[in-house]
Amino acid sequence: MAAIHPGTEIPSVETDNTLDDPSRRAPLVTGGLDFGGVTDAVAKSATSKPTLLWWVLFIVTSGMALMFFAMIGYLVVTGVGIWGNNQPVAWGFPIVNFVFWVGIGHAGTLISAILFLFRQNWRTSINRFAEAMTIFAVVCAGIFPGIHVGRPWLAYWLFPVPNQMAMWPQFRSPLLWDVFAVGTYASVSLLFWYTGMVPDIATLRDKATSRIGQIFYGFLSLGWTGSARHWHRFERAYILLAALCTPLVLSVHSVVSFDFAVAQMPGWHTTVFPPYFVAGAIYGGFAMVLTLAIPCRVWLGLEHIITMRHIINCAKVMLGTGMIVCYAYSLEFFTAWYSGHHFEQFVFRGRPLGNHYIGFWSMVFCNCIGPQVLWIKKVRENIWGIMWAAMCVNIGMWFERYVIVTTSLSRDFLPGSWAQFVPTWVDLFMFFCSFGLFGSLFLLFLKLLPTIAMAEVKTVMPEAHAHGHGDDHAADDHPHADDTPAQPEGA
Amino acid sequence: MTVIDTPATEHAQPTDAAAPGKVFGLIGEFDNVTDIIGAANTAREAGYKKMDVHSPFPIHGIDDAIGIKQTILPWIVLFMGLTGMTTGLILTTYTMADWLPLPGFVPENFEGYTFLISGKPLVSLAGFIPVIFELTIMFSAYTAVFAMFLLNKLPLMSNPLLKSERFRRATDDRFFLAIDARDGSFDVHKTAELVRAMPGCRAVELIDE
């Protein structure tokens with residue numbers, strides 16, 4: 056949580072902090088909130104009763120989540136024939152959905168780790184949100200390949216466990232790398248999320264009025280007291296985790312892209328895949344962060360902490376990564392043409408004109424055309440404009456994975472093995488219901504846990520720094536304040 | 077500034093001021109960062125060592141004020157990261173190339189398996205890098221978290237400080253200087269007076285064990 060020291064002249068009462076004047080540092084917390092104000096705003100949802108809207112949404116999403124598990128049960132007792140995937144398109148929806156969800160799960164760790172290392176202080180307001188979203192998206196992502204293997208009770212074959220066959224997993228296979236990459240990513244993200252949350256859970260423990268709340272938060276906060284010695288090690292651990300998560304988050308989607316790129320399929324076998332996939336993951340992840348943050352900040356009354364500036368910053372990151380993604384799309388076509396490779400050229404001719412052209416043009420519209428409205432400042436400062444762009448990307452990124460998986464598999468080298476991929480109702484319904492699992496977990500998070508990293512937000516407020524604050528205390532009440540020895544800045 | 081409300085008599089027994097129980101320590105409440113850093117400096121200069129500052133967020137400059145030494149955590153993490161790397165290296169090469177003869181009592185399914193796939197070498201190190209990398213990260217990240225909590229002696233489910241109603245604001249918007257009763261210079265009245273006289277001190281509270 057080492058933060059850049061904000062200047063002393065930051066006006067914290069200002070409500071519009073979207074200024075572009077580089078000579079003034081924009082406040083990250085507006086509305087004149089002080090430390091207590093931040094605590095109260097964040098703790099409100101955890102200490103009060105859930106609203107009617109929360110119950111309605113929770114019942115709907117948890118119903119969908121139950122349907123999701125029911126469909127998995129149907130799959131297990133019936134077999135993978137209920138899906139549309141078959142030879143040659145053996146991957147179909149489960150892998151499309153896996154890549155879609157695991158991609159969404161990238162923004163959280165990017166915001167918490169990479170933006171932390173780059174000292175982007177605005178991350179503090181949205182990192183908890185984004186990390187929670189990461190965990191829940193990875194939960195959804197992990198289920199799909201697990202059930203895609205057809206016999207989920209044999210899923211332990213994925214892990215290096217000594218077994219009755221005296222065999223080990225094949226460590227040269229990208230599919231096994233995936234097990235390690237996604238497994239490490241899921242568990243380390245969970246730890247990162249929880250570790251950052253411990254001080255804030257302690258705040259909820261101290262704010263809780265009910266006995267059950269005190270016990271629940273007391274247990275989860277591990278007895279945190281905000282001791283300076285604890286903070287010292289905590290900050291060390293946090294920066295180490297950030298440094299470890301940065302290569303991790305980049306490795307995960309790179310490894311996912313190896314699932315494709317290491318195969319010999321035309322359309323997959325390209326070296327651009329790892330950076331292309333990582334940019335796409337961040338693109339889709341930021342779109343989901345915006346989709347969730349824009350309604351939640353209003354719903355939970357957090358407009359002064361997740362300010363318009365935060366939303367605009369996310370929109371800019373989304374636009375930037377979107378340009379990388381569009382560049383990768385065009386680069387693929389260039390490479391196909393330049394390679395002189397017959398099958399590669401055939402696949403790329405087939406994308407805009409062939410049997411899956413609807414998927415391709417949806418992808419191009421949603422990822423490359425729709426979000427371009429964000430170049431216009433007026434649109435970027437309008438919630439609905441940003442929401443339009445984010446929804447475009449949410450849809451477009453799913454189509455991207457659909458196009459990659461189906462176009463190559465359905466039209467490979469031999470015309471004799473061509474086949475059209477048609478999803479069944481189970482495919483569509485399972486994908487739809489996976490949003491219920493994601494949504495219900497996210498709603499539980501909004502209700503029960505600290506939605507904003509309070510301790511981190513407080514460190515980027517001007518009052519968090521000795522001698523730097525322009526409030527009334529130091530000057531009036533305590534004339535001795537200036538006698539204290541000067542503290543090393545930024546120690 | 078808070079007035080010293082209890083007159084400190086010379087011969088008063090420390091236990092008189094406290095409840096029948098043993099004294100755990102004393103906390104002084106402050107409401108801003110400048111004052112708490114000043115207070116920590118004053119206490120350190122007065123010779124207190126077993127003291128701490130409790131704050132809702134990490135304060136920059138507090139480490140020097142209380143005299144906190146650099147933690148050894150990064151070294152533990154480095155060591156465990158290297159352990160993870162070695163584990164990955166041994167796991168992948170052993171299971172794929174079976175280079176280590178195991179003694180007879182080890183079950184057969186623990187033995188490596190010379191798995192020849194598309195003519196690739198048994199030890200294809202380049203192909204093992206992702207797994208080795210992920211295991212390195214996994215070991216170091218787990219260590220960073222668990223070692224941090226253990227070095228902090230957490231989880232600690234019972235802490236006398238948490239019984240204080242006032243101390244609840246340590247995770248909200250107040251800053252507390254806590255002086256431990258086990259400190260050599262600790263004396264209920266003298267220490268309380270010292271803390272009370274610190275600029276910006278709002279209240280002093282004695283914490284029973």
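In the order they appear, the protein sequences are chains A and B.
All letters in the first sequence, in the order written, are residues 56 to 546 by our numbering.
All letters in the second sequence, in the order written, are residues 77 to 285 by our numbering.
All C-beta atoms in this analysis are idealised placements derived from N, C-alpha and C, irrespective of residue type, glycine included.
Interface annotation, Q400/A: not in contact with chain B, CB-CB separation never under 8 Å. Annotated as proximal: I255/B and G101/B, with beta-carbon spacing under 8 Å. Rounded to whole angstroms, the gap between the alpha carbons of W138/A and R456/A is 17 Å.
What H359/A touches in chain B, judged by beta-carbon distance under 7 Å, is nothing: the nearest beta carbon there is about 16 Å away. For A521/A, there is no enclosing alpha helix (DSSP H), as DSSP gives it neither H nor E. For a Cβ distance threshold of 9 Å, nothing in chain A lies close to E105/B: the least Cβ distance comes to about 13 Å.
Here T162/B is actually not in contact with V199/B; their C-beta atoms are around 15 Å apart, not less than 8 Å.
At a cut-off of 8 Å between beta-carbon atoms, F90/A makes contact with chain B. Under the Cβ distance rule, M320/A does not count among the residues neighbouring chain B, no pair being separated by less than 8 Å. The contact set of F289/A on chain B, defined by CB atoms closer than 8 Å, consists of P134, M224, N228 in chain order. The C-beta distance from M452/A to L347/A rounds to 15 Å, too long to fall under 8 Å, and the pair is not in contact. Counting only Cβ-Cβ distances below 9 Å, N218/A has contacts in chain B at N185, in chain order. Chain-ordered, the chain A residues with CB closer than 7 Å to the CB of F209/B read S306. Contacts between H520/A and chain B, judged by CB atoms closer than 8 Å, involve V109, H136 in chain order. At least one C-beta of chain A is nearer than 8 Å to the C-beta of M172/B. A Cβ of chain A is located within less than 8 Å of the beta carbon of I113/B. Within chain A, the residues whose beta carbon sits less than 7 Å from that of V129/B are A283, listed in sequence order. If you draw a straight line from the Cα of N235/B to the Cα of L499/A, it is about 29 Å long. In the three-state reduction of the DSSP assignment, H203/A falls in the helix class. Proximity of T250/A to chain B, defined by a Cβ-Cβ separation below 8 Å, is satisfied.
Distance check between G340/A and each of A120/A, T85/A, A162/A places A162/A closest, using alpha-carbon atoms only.
In the DSSP assignment, G101/B falls within the beta strand (DSSP E) that extends over 99 to 106. Distance from L245/A to I190/A at the Cβ level is roughly 6 Å; contact confirmed, criterion being Cβ atoms closer than 8 Å. Within chain B, no residue has its CB atom less than 9 Å from the CB of L165/A, the nearest being about 16 Å off. Annotation for A391/A: E399, Q400, F403 place their beta carbon closer than 6 Å to its own, counting only its chain and skipping 5 residues before and after. Contact of Y218/B with chain A by beta-carbon distance below 9 Å involves S242, V243, L246.
Shortest Cα-Cα distance from V221/B to any of F313/A, Y249/A, K104/A, T301/A involves Y249/A. Within the stretch 98 to 179 of chain A, the complete alpha helix (DSSP H) runs of at least 4 residues fall at 107 to 133, 147 to 159.
Approximately 6 Å separates the beta-carbon atoms of G281/A and T247/B; this is inside 8 Å, confirming the contact.
For S312/A, the closest of K502/A, V154/A, V458/A by C-alpha to C-alpha distance is V154/A. Boundaries around V129/B are those of the beta strand (DSSP E), 127 to 130, since no alpha helix (DSSP H) includes it. When DSSP reads this structure, S282/A sits in a beta bridge with H130/B. T212/B and M156/B have their C-alpha atoms spaced approximately 8 Å apart. Closest in alpha carbon position to D140/B, among T159/B, T190/B, R120/B, is R120/B. Taking the CA atoms as reference points, I270/A sits about 16 Å from S240/B. DSSP, read as helix, strand or coil, puts D314/A in helix.
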